[in-house]
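Engineer:
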Amino acid sequence: MSVKSEPSADRAFRVLIVDDDPVQRRLSEAHVARAGGLTDAAASLQAARALLREGGGGRFAAVLLDLGLPDGDGLDLLRQLRGAGDSVPVVVQTGEGRLDRAVEAMRAGATDFLVKPVSPARVRAAIEAAIRAQAERDGGADVPEMAPSPAMRPVLDAADRVSRSMVPVLVLGETGVGKEWLARRIARASARASKPFVAVNCGALPRDLSESILFGFERGAFTGAERSRPGKFAQADGGTLFLDEVGELAPETQVKLLRALQEGEIDPIGSTGPVRVDVRVIAATHRDLGADVAAGRFREDLFYRLHVFPISIPPLRERREEIAALARRFAAEHLPGADLTPAALARLERHGWPGNIRELENAIRRAAVMADGAVLQAEDFELADSWSPEKAKPLSVVADIASPMEETADEDFPTLAQVERAHILRALQHCEGQPTKAARLLRIGRTTLYRKLKEYGLSLPESPA
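Note that numbering that gives the first Met the number 0 has the sequence shown beginning at 0, numbered continuously upward.
Structure below.
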C-alpha cells in the first residue's frame, strides 16, 4: 500500500515514509507537513521500492524508514539504496531501541536513528538536518575548499580546468577519498550544471543486470520486462553520468560502454536500433587500470578512451590539515550542535585512515550514537591506535608457550592475561582485523571479543563503508 499527500505550492520537498503502522504513518506525515514538506507513504518494502522506482533519482529529499516491516528488514532497503549509488538521506525511526541496531543502521548509511516514541520536534529536526546536509553536499558546500591542503590544491585546479570542457575524466584514488564529491564539483562548474547528475556504483551492479541498468530495456525484451525502462545513460541525457568503480564492469558491458563513448549511442536491450544520448562521462576507480589492461581484465581501447584527463586524489593521511574541519562538519551533520574536544581531534589527526574520508564519517557517525552528550570525547572513537596487522606480528608470548616449559624461568612465565591477549592478537592477525571472523575462530561471541579488547586496551579499525 502506498499513499501520496496532496501537493501544495509552498512546499519544496518530498519525504518517503516507510512504516506498516497506519497511526505512526499519519503522525510522521503530520511532522513532515509542519516542516513544510510533502509525503508519500508505503507500508512495505515492496511498496517503497515501487515508489522509488516510479520517482526515479532525486524525487525524494529524504526517507523516514521503519525497520520492522511485514516483508523484511528496513535495513535491506537502505543497503539497496546505497549499493545503487543513491545518496538520499535516510532517517531510521523504529521501536527497536537496541544499540547494536542503531550502530548497524548508521554503518549501513543512515543519517539518523530515532527510537519511538519520539517528539515531533525531534523528527522535524532530524529530517531538516538530513535534507540540509544533503543539499550542501550536492549543491556546492565542500570542506576541502574551506581548509585546503597543499596536496589538494592541484586536484582542485585540475577539476576547475576540465569542467570547462567535454572530455571524459578518470578520477583515481583509494576507496573513500571523495571521488564522487570531485565528480559533482566538476559537473557543478560545467555548462551542464542545471542538467541531471546520475551516479552509478559499477561494483554494486549485478553482472546479469548491468546492461539493463546502464542502457535500459524495451518492453518484452526478457521475462519480466512488462514495460520499457530507461537506463542510467538515458536518465543522464544532457547532463553528467558518474561511473564509480568502472574497473569492476564485466567485459561485455565494457564493449557497450566503449560504443556509447565513441558514438554517443546506446542500444537498450530489445531495441530495434541505437538511441542517441548526450552524456558527459566521469569515471572513477581505486584500481590500477593499467595493470588490469596488461592482465586482460580491462579493455585497452576503453582505458584510453577514459584516460583522457586523469585526476588523482591523495589519501586523507596526506591531507591531515583537513581532518579537523571534516570532523566538525560530519559531527554537525550527525549530531546537531555537536563539538569535539581537543583530545578527540588530536586522536583523529593521529589515525592513519585507511578508509579515508568515508571511514572518518563512519567514525563520527558511530561516536554520535555512542556519545553521552553533544561533545564528542576521545574515548567515543574506536580507532586502531593500538592494533594493526603490522603491530600484531610479534607474538613472543605465544611463541614462548610453544617452547618447552622447563626452559622458562619463573619470572618470565607468561600470565594468563598475557596469553589471552596474545592469542586474541593472533586471531585478529589471522582474520585481517575482522572482529566477526576472529570471534568465530576463537569460538566466543563478538560482544565477548569487544569486552576483551577493551579490557586489554586494544581497539579495532572501523569497518569500511
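Each residue gets a CB set at the ideal place from its N, CA and C atoms; glycine is no exception.
For ASP72, collect the residues of the same chain with a Cβ closer than 7 Å to its Cβ; drop the 5 residues on either side in sequence, then sort them by chain order.
Structural biologist: So the qualifying residues of the chain are LEU66.
Engineer: Please determine, among THR271, PRO167, HIS422 and ALA366, the residue with the shortest C-alpha to C-alpha distance to LEU305.
Structural biologist: Among THR271, PRO167, HIS422 and ALA366, the Cα nearest to that of LEU305 belongs to PRO167.
Engineer: Could you name the residues of the same chain whose beta carbon sits closer than 6 Å to that of ASP338, not counting the 5 residues immediately before and after it, in chain order?
Structural biologist: Cβ neighbours of ASP338 beyond the five flanking positions: VAL374.
Engineer: Quick check for students: name the residue ranges of the beta strand (DSSP E) that lie wholly in the stretch 183-267, counting only runs of 3 or more.
Structural biologist: Runs of the beta strand (DSSP E) inside the stretch 183-267: 196-200 and 239-243.
Engineer: Which of the three DSSP states is assigned to PHE112 in this structure?
Structural biologist: DSSP places PHE112 in strand when its eight states are reduced to three.
Engineer: When burial is assigned at 16 or more other CB atoms within 10 Å of the CB, is MET151 buried or exposed?
Structural biologist: Label assigned to MET151: buried.
Engineer: I'd like to know whether the C-beta atoms of VAL292 and GLU299 end up nearer to each other than 8 Å.
Structural biologist: Yes; because the gap between Cβ atoms is below 8 Å, this pair is in contact.
Engineer: Thinking just about the alpha-carbon of each residue, which of ASP266, ALA416 and LEU76 is nearest to the one in ARG228?
Structural biologist: That would be ASP266, whose Cα lies nearest to the Cα of ARG228.
Engineer: What number of angstroms, rounded off, separates the C-alpha of ILE363 from the C-alpha of PHE221?
Structural biologist: Spanning the two alpha carbons is a distance of roughly 45 Å.
Engineer: Between which two residues does the alpha helix (DSSP H) containing VAL154 stretch?
Structural biologist: 152-161 is the span of the alpha helix (DSSP H), which, as asked, contains VAL154.
Engineer: Does GLN92 come out as helix, strand or coil in the three-state DSSP assignment?
Structural biologist: DSSP places GLN92 in strand when its eight states are reduced to three.
Engineer: Residues in its own chain within less than 6 Å of LEU347 by CB, not counting five upstream and five downstream?
Structural biologist: Only ILE322 and ALA326 meet the Cβ criterion.
Engineer: At the level of alpha carbons, what is the spacing between TRP352 and GLU317?
Structural biologist: Roughly 10 Å between the two C-alpha positions.
Engineer: Would you list the one or two residues that DSSP bridges to GLY67?
Structural biologist: Partner(s): ASP72.
Engineer: Using 8 Å for Cβ pairs, my map puts ASP236 next to ASP277. What's the rounded Cβ distance?
Structural biologist: About 6 Å; that satisfies the 8 Å criterion.
Engineer: Between which two residues does the alpha helix (DSSP H) containing VAL170 stretch?
Structural biologist: Per DSSP, VAL170 belongs to no alpha helix (DSSP H); it is in the beta strand (DSSP E), 168-171.
Engineer: If you draw a straight line from the alpha carbon of ARG48 to that of ARG439, how long is it in whole angstroms?
Structural biologist: Taking the straight line joining both Cα atoms gives about 35 Å.
Engineer: Would you kindly work out how many angstroms separate the C-alpha atoms of SER43 and PRO195, rounded to a whole number?
Structural biologist: Those two C-alpha atoms are separated by around 29 Å.
Engineer: Between VAL170 and ALA182, which are expected to be in contact by the criterion C-beta below 8 Å, what is the C-beta distance as a whole number of angstroms?
Structural biologist: About 6 Å separates the two Cβ atoms, so the contact holds.
Engineer: For GLY36, write down the residues that DSSP places opposite it in a beta bridge.
Structural biologist: PHE12, per the DSSP bridge assignment.
Engineer: Is PRO309 helix, strand or coil by DSSP?
Structural biologist: Three-state DSSP puts PRO309 in a strand.
Engineer: Residues in its own chain within less than 8 Å of PRO313 by CB, not counting five upstream and five downstream?
Structural biologist: Excluding positions up to five away in sequence, the list reads ALA150, MET151, VAL154, GLY172 and VAL176.
Engineer: To the nearest angstrom, how far is it from the Cα of LYS436 to the Cα of VAL199?
Structural biologist: Their backbone Cα atoms lie some 31 Å apart in a straight line.
Engineer: Give the C-beta separation of LYS255 and PHE216 to the nearest angstrom, bearing in mind that I take them to be a contact with Cβ-Cβ under 8 Å.
Structural biologist: Going by Cβ atoms, the distance from LYS255 to PHE216 rounds to 13 Å, so no, they are not a contact pair.
Engineer: Check PRO414 in the structure and name its three-state DSSP category.
Structural biologist: Contrary to the premise, residue 414 reads as Thr rather than Pro in this sequence. In the structure shown, THR414 sits in coil (DSSP, three-state: anything other than H, G, I, E or B).
Engineer: How would you call LYS453, buried or exposed, if buried means at least 16 neighbouring beta carbons within 10 angstroms?
Structural biologist: Exposed, by the Cβ-count rule.
Engineer: Starting from ILE356, follow the beta strand (DSSP E) in both directions and report where the run begins and ends.
Structural biologist: Where ILE356 is concerned, there is no enclosing beta strand (DSSP E), although the alpha helix (DSSP H) it sits in stretches over 355-369.
Engineer: What is the C-beta distance between HIS281 and ALA157, in whole angstroms, given that I count them as a contact (C-beta under 8 Å)?
Structural biologist: For the sequence presented, residue 281 should be read as Ile rather than His. Not really, about 13 Å apart at Cβ, beyond 8 Å.
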